[in-house]
Amino acid sequence: MIMGRLYETILIAKPDFDQEGFEKLHTRMLKTIGDEGGLELKLVDWGRRRLAYPIDGHRKGNYFYFGYIASPACLKEIHRQLRLSQEIIRFQSITLSSSKPLGAFDIEKEREKVVGLTPDPQDEEEFGRRDRGDRGGRGDRGDRGDRGDRGDRGDRGDRGDRGGRRRDEGEQKAQTEVKA
Amino acid sequence: MKPEMRRRRSFGRRKVCPFCADKSLYIDYKTPSMLKRFITERGRIVPRRISGVCAQHQRALQVSVKRARMVALMPYSTTGID
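Order-wise, the sequence lines are chains G and F.
All the letters of the first sequence, read from the start, carry residue numbers 5 to 184 under our numbering.
All the letters of the second sequence, read from the start, carry residue numbers 181 to 262 under our numbering.
Dropping the structure here:
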């Protein structure tokens with residue numbers, strides 16, 4: 005009997021992620037889950053959100069919420085696939101139930117437990133306040149114009165002893181010794 | 181403890197845990213709008229001696245905030261210079 009748990013995973017895809025690539029990843033995940041008798045319960049697209057901090061240079065990300073029943077081995081395999089994916093920049097899985105035989109899950113009851121609460125768009129404003137997004141190029145800055153005469157540099161003062169004379173003397177002495 | 185010490189500490193209203201007071205409030209890492217009431221503007225978790233949250237709920241809160249941070253729904257820190 006394969007034991008399973010109820011899991012939820014949050015995926016963050018790149019802001020310019022490839023929809024087709026994601027579909028492929030999703031079907032592969034479903035296959036991994038299905039092969040072991042698991043079941044996908046919910047997939048919610050939270051859409052594009054501003055990240056609270058940049059991840060791998062990305063300031064925005066596409067969030068997906070994913071609720072499913074699977075075995076721990078299956079979860080491990082899903083994680084492996086997610087790590088390999090170019091589209092996913094971050095993921096996090098949470099265990100929602102204790103371990104039960106896969107057949108013993110009351111699907112409808114579990115479905116209620118996976119609540120993909122969509123975060124309020126307001127939060128995004130709160131935490132992403134300082135991110136003003138792409139401001140675009142600054143364009144041609146134009147001619148800087150004549151900077152004018154820089155004026156007299158003034159007296160540079162006493163530059164002090166430059167030293168080094170002693171070394172010259174030493175060299176001369178060495179040369180005379182060779183000659184002798 | 182001396183009587184005057186006790187008197188000095190006992191001013192003000194006893195704080196009540198907001199999650200115990202309102203059972204409908206659910207601590208979840210997917211709702212940063214609710215969690216943000218319990219972090220400072222720098223992004224740190226407010227100690228429960230300040231917020232008045234009870235130990236059980238503070239623990240749940242702490243886990244939720246950390247999970248929310250992990251998926252960039254909440255900041256680890258906010259410096260002001262970005």
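By construction, the Cβ of each residue, glycine as well, lies at the ideal position given by its N, Cα and C atoms.
Distance check between residue 67 of chain G and each of F:236, F:253, F:238 places F:253 closest, using alpha-carbon atoms only. Going by beta carbons, residue 85 of chain G and residue 250 of chain F fall outside the 8 angstroms limit. Excluding sequence positions up to five before and after residue 72 of chain G, its CB lies within less than 7 angstroms of the CB of 11, 37, 42, 43, 44, 45, all in the same chain and listed in chain order.
Residue 247 of chain F has a beta carbon lying within less than 8 angstroms of a beta carbon in chain G. Rounded to the nearest angstrom, the gap between the Cα atoms of residue 220 of chain F and residue 194 of chain F is 21 angstroms. Residue 55 of chain G has a beta carbon lying within less than 8 angstroms of a beta carbon in chain F.
Distance between residue 94 of chain G and residue 15 of chain G, taken at the CA atoms: about 6 angstroms. Excluding the 5 residues flanking it on each side, residue 232 of chain F has same chain C-beta neighbours closer than 7 angstroms at 195, 196, 197, in chain order. Contact check for residue 7 of chain G and residue 103 of chain G: beta-carbon distance about 5 angstroms, within the 8 angstroms limit, so the pair qualifies. Setting aside the 5 residues that flank it on each side, residue 40 of chain G is surrounded in the same chain by 6, 74, 75, 78, each with a C-beta closer than 7 angstroms to its C-beta; the list follows chain order. It is roughly 25 angstroms from the alpha-carbon of residue 214 of chain F to the alpha-carbon of residue 62 of chain G.
At a C-beta separation below 8 angstroms, residue 16 of chain G has these neighbours in chain F: 251, 252.
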